[in-house]
Every structure is written in C-alpha cells, then in structure tokens.
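A quick write-up on the structure given underneath.
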Amino acid sequence: MTDTVAFDQQNNRLVIIDQTLLPGELRLLSLHTVEEIEHAIKTLQVRGAPAIGVAAAIGLAVLAKEIAGNYEQTLQAYAQQLKSTRPTAVNLAWAIDRLLAGAHDPQSLAEKALALWNEDVATCRAIGENGAALLRAGDAILTHCNAGRLAAVRYGTALAPVYVAKEQGKHVQVYADETRPLLQGARLTAFELAEAGVPVTLLCDNMAAALLQSGRVNAVFTGADRIARSGDCANKIGSLGLSILSKHFGVPFYVCAPFSTVDGGCATGENIPIEQREAAEVTALWYRQPMAPAGVGVFNPAFDVVPACNITGIVTERGIFAPTELPIDAK
Ligand code: MRU
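When we follow our numbering, the leftmost residue of the sequence shown carries the number 599, and every step to the right adds one.
What follows is the structure, given as structure tokens:
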C-alpha cells in the first residue's frame, strides 16, 4: 500500500492518504498551504500520533520554501499554528521542535523532514521486531483504534509486531474494536489488515468484555499518543476500559510506541491534555440522520489515560520495558 505520509520534493508538496475516505476510497491529497495542512490534521485526514508528527514536519518544510518575506517570524507562526492543531499526541510538537532545532533555512528543513520520515519507518520496524517476540504462531490479539501503518509512515506501532510476525511465518489473527465515535478500528484497522492479508475480526467496543472473557485473545496491543514519566499512557478513548477488562481477565496489555511519544516533561497521566471533540461526531457523523435528539449534551473526549499499573509492558524501538522502568530524561 502507498505510504500514509510522503514528501513530494519535486513539486514541494506534503502528500497524505485522505483517511476520512477510507475504506471506500483510497485518495491521495497533495497539500502546500498552511490552511490545507491545518485542516488535514484537525479533521483527521491524517491521524495517528507518529503520522501527524511526520506530516507536520514535512508540511512545515513545504511552507518554509514558499515564505516570501519576514522568513523567521512567518516560520515560527506556522510552527505554532500546526502545533496547536491537536493537543494530546506529543509527537506533533516533538517533530516540529526537532525540525526547528539548529539551522532553519528551507534546504535544512527539507533534509530534516526527510530524515524524520526515514526515522519513523526504521523506528516502527524496530518496534515490530521487538513486539513480534511476544507473539506465537496462531495467537490472537485485540487492538483498539488504528495504530497500524495508517497511523505512521509504514508498519505502525501496535500492528507492526503483527506485520513482522507474518514476515517471520508466524501468523497471528487480530480482533479490532470498531472504536466509537470515529470508527478508526472499523474503517482503518480492518481495511489495512485485510489489504495485508492478515485475518481480522471486527467487534463493537462494548463486545470486548465478552471477547476477553471467552479466552480467545492472547494479548491486547494498543498504541499511545503520550506517555508520562510515571508510565501512564494516553491513547484513543476506550483504551482505559480495555486495560481494566484485560487486568480483570488476566490478559496481558501491551502499549507499542516510539520514544518520541514519551513526554519527559509530563509527570503523570493527570498532566496529559485531553482533546475534546465536537458533539456531532457522536450524534450524527456516520449516520444518514441524527441518532440523538437535537441539542443533547455530549461527552466526547478523544483520548483517555491507561494507568501504568494496568500495562504489562511498553514495546519501543529500544526494547520492551515495564511502564515504570522506561529510561526517561525529565525535561
Ligand atoms: O484520533 P486519532 O485517530 O489520531 O487517534 C489515534 C490513536 O489514538 C492511536 O491509537 C495512537 O495515535 C497511537 S498510533 C500509532
């Protein structure tokens, strides 16, 4: 499949798969204005913690080349505008800060954006290799949201071990939570796994307890959007509940994430900013007609926090760590 995020240097464009159209249509978007890039991140045309970091970095490099005057001030304003598109995934700010560290000229930014793209591919591959060691042929895992290749440049995080295991001849099947309200599991995880020839079974989020109770799942694998020093991990809304269920039924719960998702400046999960999204995503977005009375109050946090005590291990590019033993430098 096409890479989720790419840098078309010849035409100076950020190229993304429009994930809002999947699974119905695989369409690429070529973006070059700050409004287009901001819109793409806010509306989840590109989404997933590593993918929005790489997309913002490439986007900023694209924008830098087109700045006509007042270069430094305009560049910083663009950087702030992109950073504020989504608050929870720390990879976004991390990637922009990495881009702006050191030389700021357009050529240096383009080279650094490309390096970040390559780093994401290598990092996710390493997560896949480390996580694949946890899997045996015939295992079944349960995953939540989309932390596969569509959430990064390639491979993804939580699904990278499944792809690597498949290459190693260890076939693993995946149960995918549909992931209300935006259906990343149904629309994206089921799509990308089916494309890759990995057996995938979809379930509604409220069926996870019954599935875990049935004993059919060997482990739960999720991604993360921000990891605090305490080992608490913010991830797609529903991850907290899944971690509680996993603990109850004695199923190991693994979080797969690169070190760019670790926020050394964040002491515990309580310090992680949680994005609140529009009510219409719950009441109307995927329906032909509204499924709730007009004006009803809606609780729609996009993420929740899995406490370290519910996590069996964090699978990173540097190995697998107990959540409280991640090697982290406080910022
Ligand atoms: O709102 P989204 O779709 O960007 O949320 C994505 C998730 O929560 C993923 O599970 C997380 O980014 C980890 S992905 C590698």
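Even glycine gets a Cβ: it sits at the ideal position worked out from N, Cα and C.
1. Ligand 1 and D927: does any heavy atom of the ligand fall closer than 6 Å to the residue's C-beta?
2. If you draw a straight line from the alpha carbon of A808 to that of Y753, how long is it in whole angstroms?
3. Is L626 near G651, with beta carbons less than 7 Å apart?
4. Quick one: is the Cβ of N898 within less than 6 Å of any heavy atom of ligand 1?
5. If you count every other CB in all the chains shown that lies within 10 Å of the CB of S828, and 16 or more means buried, which is it?
6. Relative to ligand 1, is the shortest distance from any of its heavy atoms to the C-beta of D823 smaller than 6 Å?
7. Short check: CB of I918 to CB of N728, under 7 Å?
8. How about P683: is its Cβ closer than 6 Å to a heavy atom in ligand 1?
9. Between A806 and D775, what straight-line distance do the alpha-carbon atoms span, to the nearest angstrom?
10. In terms of residues, what are the limits of the beta strand (DSSP E) holding G911?
11. Looking at the secondary structure, which residues open and close the alpha helix (DSSP H) in which L658 lies?
12. Within this structure, are the beta carbons of D823 and N833 separated by less than 7 Å?
13. Please specify which runs of the beta strand (DSSP E), each continuous and at least 3 residues long, are wholly inside the region 807-853, giving them in chain order.
Answer, in terms of the structure:
1. Here the question's residue 927 lines up with position 329 in the sequence shown. At a threshold of 6 Å, D927 does not count as near ligand 1, since its beta carbon sits no closer than that to any of the ligand's heavy atoms.
2. Numbered from 1 along the sequence shown, position 210 holds the residue referred to as residue 808. Numbered from 1 along the sequence shown, position 155 holds the residue referred to as residue 753. Between the alpha carbons of A808 and Y753 lies a gap of roughly 29 Å.
3. By one-based count along the sequence shown, residue 626 stands at place 28. By one-based count along the sequence shown, residue 651 stands at place 53. Not a contact, by the Cβ cut-off of 7 Å.
4. Position 300 of the sequence shown, counted from the start, is the residue given in the question as residue 898. No - ligand 1 has no heavy atom lying nearer than 6 Å to the Cβ of N898.
5. Taking the sequence shown and counting its residues from 1, one reaches residue 828 at position 230. With 16 or more other Cβ atoms from the protein chains shown falling within 10 Å of its own Cβ, S828 counts as buried.
6. Translated into positions along the sequence shown, residue 823 becomes position 225. Because some heavy atom of ligand 1 lies under 6 Å away, the Cβ of D823 counts as near it: yes.
7. Counting from one through the sequence shown, the residue named residue 918 turns up at place 320. Counting from one through the sequence shown, the residue named residue 728 turns up at place 130. A contact, by the Cβ cut-off of 7 Å.
8. Taking the first residue of the sequence shown as position 1, residue 683 is located at position 85. Residue identity differs from the one stated: residue 683 is Thr in this sequence, not Pro. If you check the C-beta of T683 against ligand 1, you find no heavy atom less than 6 Å away.
9. As a first step, residue 806 is located in the sequence shown; it is residue number 208 there, counting from the start. As a first step, residue 775 is located in the sequence shown; it is residue number 177 there, counting from the start. Going from the Cα of A806 to the Cα of D775 covers about 7 Å.
10. The count along the sequence shown starts at 1 and reaches residue 911 at position 313. Here the beta strand (DSSP E) through G911 covers G911 to T914.
11. For the purposes of this step, residue 658 is taken as the residue at position 60 of the sequence shown. Residues A647 to K663.
12. Residue numbering aside, residue 823 sits at position 225 when the sequence shown is read from its first letter. Residue numbering aside, residue 833 sits at position 235 when the sequence shown is read from its first letter. Cβ atoms of D823 and N833: closer than 7 Å.
13. The DSSP assignment places 817-820 and 831-834 as complete runs of the beta strand (DSSP E) inside the region 807-853, in order along the chain (cut-off: 3 residues).
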